[in-house]
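Undergrad: Sharing a structure below in structure tokens format, with a few things to ask.
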Amino acid sequence: MLEFIQQLVNGLSLGAIYALIALGYTMVYGIIKLINFAHGDIMMVGGFVGFFSLTIFQTNIVTAMIAAMLTCAVLGIIIEKIAYRPLRNSTRIAALITAIGVSFFLEYVTIFLLGPSQRVFPDTAFPIKAYNIAGLSILNKDIFVVISAVALMLILQYIIKWTKTGKAMRAVSLDQEAAVLMGISVDKTISITFAIGSALAAAAGVMYGVYYSTVNPLMGIIPGLKAFVAAVLGGIGIIPGAMVGGFVMGLLETMVSGYGNSLYRDAVAFGVLILILLIKPTGLFGKDTGEKV
Amino acid sequence: MQIKNKFIRFCIDVLVLVALFTLVQYIITTGLLDQYYQINLVSMCINIILAVSLNLINGFTGQLSLGHAGFMAIGAYASVVMTQMMDQPFIVGIILACMAAALGGFIIGVPTLRLKGDYLAIATLALGEIIRVTLQNIDYVNGPAGILGITKMTTWPWLFGATVVTVLVVVNLINSSYGRAIISVREDEVASELMGINTTKYKVIAFVIGAMFAGLAGALYAHFFYIIKPETFNFMKSFDILVMVVLGGLGSTTGAVIAAIFITALTAALQSFPAIRMILYALILIVVMIYRPQGLMGNKELSRKTFGRIWSGRK
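Respectively, the protein sequence lines represent chains A and B. The opening position of the first sequence corresponds to residue 6 in the numbering used here, with each subsequent residue numbered one higher. The opening position of the second sequence corresponds to residue -15 in the numbering used here, with each subsequent residue numbered one higher.
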């Protein structure tokens, strides 16, 4: 039983990271119906910005995270402006293929500039300590990841529920044309959505760096895909769904590694995706809207 | 007159193909084509098979599949198990590769083709990865280490024959009533359903045939490059093929062939700069989608007619 709870604790921080990435997926999908394939790579860029902020500028971890979030927010806006905006009225397949292109672009420009090798997160930035609570060993990095992720989610909830921008975002995702008629600037709202989503991914990138102590240019692919699975699991476009989905994926992954074969870790995530898509494509929290003909 | 013309055209086609075949065979046997160019020639043919078969699914049927490398893996492993472990001739390996990949396509296609658009894309991507992870965990085929020292059996006649058969089957399928049904699914699924077309059936047919040829490509690949491992067939490989299809034109077989040749040559030229190669791929995807979403060729084909037009200088 103790071991099970220990696995649960381990999975919680991983789940928090997935949840943060999944939030960006879900927000972007909710507003322009695009699977932003490059989202995992924005997370990677965030991880690298955090890394350089820690090593070159010797900042502390919180500053590094804020720097990463700001950089990626700008990056997200630029990507949306250059690559996705011209395609807003084309087919969804065209937009998806473009997103795959953007994902490649971010990965290999990073490899081109920084080399393909992985870099170790400096120990001094985050000295690892283990606490023993009731027989459970809890690392301070787990606490850091979970607390900052939950804090960011609360801020996000506040923005979406209580601010004017959040109201505009909800309006655009509900009905874009009606939103325009109400005087909402759709372009601006979509830009803000990308900025917020990318900032969350960047925070997740720094956390991922702390969690695994390394960053590398291709580190965004697999967490990106898993976070996508999390978003679909919770019902894509639904924000609380992404949070729950993220935690479920994180827990599932640690359970599979802990009790089963860790080689199957990634396959299980994809298996979950297939099952969800086949049984309940709208996700756990999704409403069945039926197909319009 | 009509029939006679048709026959003459057929004879010309056969002659051109035979000439091309003998020419390349000649320069290979005389040693004019060194190892480096031979490898590229092989990659070119394999890529043509992959691009044409993926184009059948993505371009003609309009179902975005991102798991093509998975079927290639099935084909490669099935053929290697046959030829290396059961000591069967190459032809048995190839036939089994095609059958195994087609069966895989059927098993994966039936449930997933109910999904639409981007959901289908992600589901096929996931299934392709599941195939890879499964192969990594099968000890009989050495797991992640892969199989080494495969006898080289892929020769020019095999390659040429396989490429021609693939292109012919796809072209003839598209020009048949099946092909028209398949294209109608892409154009408007609801409308074609109203016309009494069993859309799921045609989607599955296209998917299975596409998967089958991917298996063929996998078998040819395995018996030329000595080594196969699951990592070779990850989703980056699927994206490689996707770049060819997108560049050539979604729904143009000649476009797929030209793009496959072009991309293979580009890959060979940029061999020492892998990062730049991938950046170029990325830019191709983005720029083509923004400025020419139908691909370079769109759904047009290069045919005798086009050449005739260029020949006589008419537009």
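Think of the CB as a built atom: it goes at the ideal place given N, C-alpha and C, for glycine as much as any other residue. Please read these numbers as outputs of a predicted model, since none were measured by experiment.
1. Output needed in chain order: residues of the region 256 to 273 of chain A with a Cβ under 8 Å from some Cβ in chain B.
2. Does the Cβ of Gly54 (chain B) lie closer than 7 Å to at least one heavy atom of the ligand GTP?
3. Whose C-alpha, out of B:Ala249, B:Gly232, B:Thr251, B:Ala252, is nearest the C-alpha of Ala243 (chain B)?
4. Using the rule of at least 16 other Cβ atoms within 10 Å of the residue's Cβ for burial, across every protein chain shown, is Leu280 (chain A) buried or exposed?
5. Which ranges does the alpha helix (DSSP H) cover as unbroken runs of at least 4 residues, wholly within the region 252 to 279 of chain B, from first to last along the chain?
6. Do Gly59 (chain B) and Ala81 (chain B) have their CB atoms nearer than 8 Å?
7. Going by CA-CA distance only, name the one from B:Ile189, B:Thr216, B:Leu143, B:Ser256 that's closest to Phe117 (chain A).
8. Measuring only the C-alpha atoms, how far is Tyr210 (chain B) from Ala201 (chain B)?
9. Our contact map puts Ile274 (chain B) next to Pro91 (chain A) with C-beta atoms below 8 Å; I'd like the distance itself, whole angstroms only.
10. Report the residue from B:Ile212, B:Gly51, B:Val149, B:Ser176 whose alpha carbon sits nearest the alpha carbon of Leu134 (chain B).
11. Considering only DSSP beta bridges, list what Arg3 (chain A) is partnered with.
12. Since Gly250 (chain A) meets chain B, which of its residues come closer than 7 Å, beta carbon to beta carbon?
13. Could you check which residue in A:Val273, A:Ile143, A:Met187 has the C-alpha nearest to that of Lys172 (chain A)?
14. Return the Cβ separation of Ile33 (chain B) and Phe197 (chain B) in integer angstroms, given the expectation that the two are a contact with Cβ distance under 8 Å.
15. Terminal residues of the continuous alpha helix (DSSP H) containing Asn182 (chain B)?
16. At a Cβ cut of 7 Å, what residues of the region 158 to 169 of chain B count as close to chain A, listed as they run along the chain?
17. List the residues of chain A whose Cβ lies closer than 8 Å to the Cβ of Asn283 (chain B), in chain order.
18. Give me the Cα-Cα distance between Asp123 (chain B) and Gly265 (chain A), rounded to the nearest whole angstrom.
19. Pick helix, strand or coil for Thr238 (chain B), following the three-state DSSP scheme.
20. State the beta-bridge partners of Ile114 (chain B) as determined by DSSP.
21. Could you tell me whether the Cβ of Pro214 (chain B) comes closer than 8 Å to any Cβ of chain A?
22. Over what stretch of residues does the alpha helix (DSSP H) that includes Tyr124 (chain B) continue unbroken?
23. Starting from Tyr34 (chain A), trace the alpha helix (DSSP H) both ways and give me its first and last residue.
24. Between Tyr217 (chain A) and chain B, is any beta-carbon pair separated by less than 8 Å?
25. Taking Glu173 (chain B) as the query, report the chain A residues whose CB atoms sit under 8 Å from its CB, ordered along the chain.
26. What residues are listed by DSSP as bridge partners for Asn156 (chain B)?
27. Going by Cα to Cα distance, which pick from A:Lys134, A:Thr198, A:Phe109 is closest to Ile165 (chain A)?
28. Kindly indicate the opening and closing residues of the beta strand (DSSP E) around Ala129 (chain B).
29. Please go through the region 187 to 251 of chain B and give each complete alpha helix (DSSP H) segment of 4 or more residues, from N-terminal end onward.
30. Taking the beta strand (DSSP E) that Leu97 (chain B) falls in, what are its first and last residues?
31. For Glu112 (chain A), count neighbouring Cβ atoms within 10 angstroms of its own Cβ and tell me buried if that reaches 16, exposed if not.
32. Using a beta-carbon distance below 8 Å, is Thr103 (chain A) in contact with chain B?
33. Quick check: what's the CA-CA separation for Ala235 (chain A) versus Glu258 (chain A)?
34. Please name the residue in A:Leu179, A:Phe56, A:Leu101 whose C-alpha comes closest to that of Val272 (chain B).
35. Are the CB atoms of Val227 (chain B) and Leu269 (chain B) within a distance shorter than 8 Å?
TA: Let's see:
1. Residues are counted here when their Cβ sits less than 8 Å from a Cβ of chain B; for the region 256 to 273 of chain A these are Asn266, Leu268, Tyr269, Asp271, Ala272, given in chain order.
2. Questions concerning the ligand GTP fall outside what the structure shown contains, since it holds no ligand whatsoever.
3. B:Gly232
4. Around the beta carbon of Leu280 (chain A), fewer than 16 other beta carbons sit within 10 angstroms, so the residue counts as exposed.
5. 258 to 275
6. Yes. Within cutoff.
7. B:Ser256
8. 15 Å
9. Their Cβ separation, rounded to whole angstroms, is 5 Å, which keeps Ile274 (chain B) and Pro91 (chain A) in contact under 8 Å.
10. Note that residue 134 (chain B) is Ile in the sequence shown here, rather than Leu. Checked all of B:Ile212, B:Gly51, B:Val149, B:Ser176; the closest Cα to Ile134 (chain B) is B:Ile212.
11. Since the first residue shown for chain A is 6 and the last is 298, residue 3 (chain A) is missing from the structure and cannot be characterised.
12. Residues of chain B passing the Cβ test: none, with the nearest at roughly 14 Å.
13. A:Met187
14. 6 Å
15. It is not in any alpha helix (DSSP H) - Asn182 (chain B) carries neither H nor E in the DSSP assignment.
16. none
17. The contacting residues do not exist; Asn283 (chain B) stays about 14 Å from chain A at best.
18. 17 Å
19. helix
20. BP columns for Ile114 (chain B) are empty, so no partner.
21. no
22. Unbroken run through Tyr124 (chain B): none, as it is neither H nor E.
23. 7 to 37
24. Tyr217 (chain A) does not count as touching chain B.
25. None at all; the shortest Cβ gap to chain A is about 10 Å.
26. Paired residue(s): none; Asn156 (chain B) is not in a bridge.
27. A:Thr198
28. Here Ala129 (chain B) belongs to no beta strand (DSSP E), and DSSP marks it neither H nor E.
29. Within the region 187 to 251 of chain B, the complete alpha helix (DSSP H) runs of at least 4 residues are 219 to 232.
30. Element bounds for Leu97 (chain B): n/a, residue is neither H nor E.
31. buried
32. yes
33. 12 Å
34. A:Leu101
35. yes
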